[in-house]
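*Asks:* I'd like to ask some things about the structure below.
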Amino acid sequence: MKIALGADHGGFELKEKIKSHLLGKGFEVLDLGTNSTASVDYPKFGHAVGHAVVNKDADFGIVVCGTGIGISIATNKVPGVRAALCTNTTMARLTREHNDANVLALGGRIVGDVLALEMVDIFLSTAFEGGRHSNRINSIEAI
Ligand code: RB5
Numbered sequence: 624m625k626i627a628l629g630a631d632h633g634g635f636e637l638k639e640k641i642k643s644h645l646l647g648k649g650f651e652v653l654d655l656g657t658n659s660t661a662s663v664d665y666p667k668f669g670h671a672v673g674h675a676v677v678n679k680d681a682d683f684g685i686v687v688c689g690t691g692i693g694i695s696i697a698t699n700k701v702p703g704v705r706a707a708l709c710t711n712t713t714m715a716r717l718t719r720e721h722n723d724a725n726v727l728a729l730g731g732r733i734v735g736d737v738l739a740l741e742m743v744d745i746f747l748s749t750a751f752e753g754g755r756h757s758n759r760i761n762s763i764e765a766i
């Protein structure tokens, strides 16, 4: 499975930890930057990850900025993206089961590393439930 990663300077350090974690577990990683703590604008990194997921260059995306808010808003501008900002493991599980989220958004200045990596593992290992949730996803896609 290939995972696209993107972050701004506020999410860079957590992105690097997620990258090592995923590579250690045998995932392929498509790192779309940023590549340092130098200040950058988050929209282009969210846009790049969103496009990678929608174009099937990656199976899922993970985006990180300081709060996770700005980059989740930017990533969700790409049609077909369902980016979910999560702050706990229940949200990470439910957004896969109910929302079929294809991008996980995290706040590098909000959540600790251990929790973040746990959310990554849960997000990537949880299946969409389908059923009644499919109609809701189809309605979102129709907007
Ligand atoms: C950058 O300083 C910060 O605004 C950004 O990382 C993010 O938190 C925006 O939502």
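Residues 624 to 766 (my numbering) are what the sequence shown spells out, left to right.
The beta carbon of each residue, even a glycine, is placed where N, CA and C say it ideally should be.
(1) Report the three-state DSSP secondary structure of residue 682 (helix, strand or coil).
(2) Just the residues with CB closer than 5 Å to a heavy atom of the ligand RB5, in chain order, which are they?
(3) Reducing DSSP to helix, strand and coil, say where residue 640 ends up.
(4) Measuring straight from C-alpha to C-alpha, what distance separates residue 629 and residue 733?
(5) In the DSSP assignment, what are the bridge partners of residue 689?
(6) Of all the options 731, 744, 763, which has the alpha carbon lying nearest to the alpha carbon of residue 633?
(7) Between residue 728 and chain D, is any beta-carbon pair separated by less than 7 Å?
(8) Please state whether the Cβ-Cβ distance between residue 652 and residue 642 is less than 7 Å.
(9) Is the region 737 to 749 in contact with the region 716 to 725, if contact means three or more CB pairs nearer than 8 Å?
(10) Could you give the DSSP three-state label for residue 629: helix, strand or coil?
(11) Below 8 Å on the Cβ atoms is my contact criterion, and I expect residue 757 with residue 728 to pass it. Report the Cβ-Cβ distance as a whole number of Å.
(12) Around the C-beta of residue 638, are 16 or more other C-beta atoms found within 10 angstroms, so that it is buried, or is it exposed?
(13) Name the residue from 713, 688, 712, 684 whose alpha carbon lies nearest to the alpha carbon of residue 706.
*Replies:* Reading from the atomic positions:
(1) Coil.
(2) 631, 633, 688, 689, 690, 692, 693
(3) helix
(4) 17 Å
(5) Residue 689 pairs with nothing; no bridge assigned.
(6) 731
(7) This model lacks chain D altogether, as it is built from one protein chain only.
(8) yes
(9) yes
(10) strand
(11) Wrong, their Cβ atoms sit about 23 Å apart, outside the cutoff.
(12) Around the beta carbon of residue 638, 16 or more other beta carbons lie within 10 angstroms, which makes this residue buried.
(13) 684
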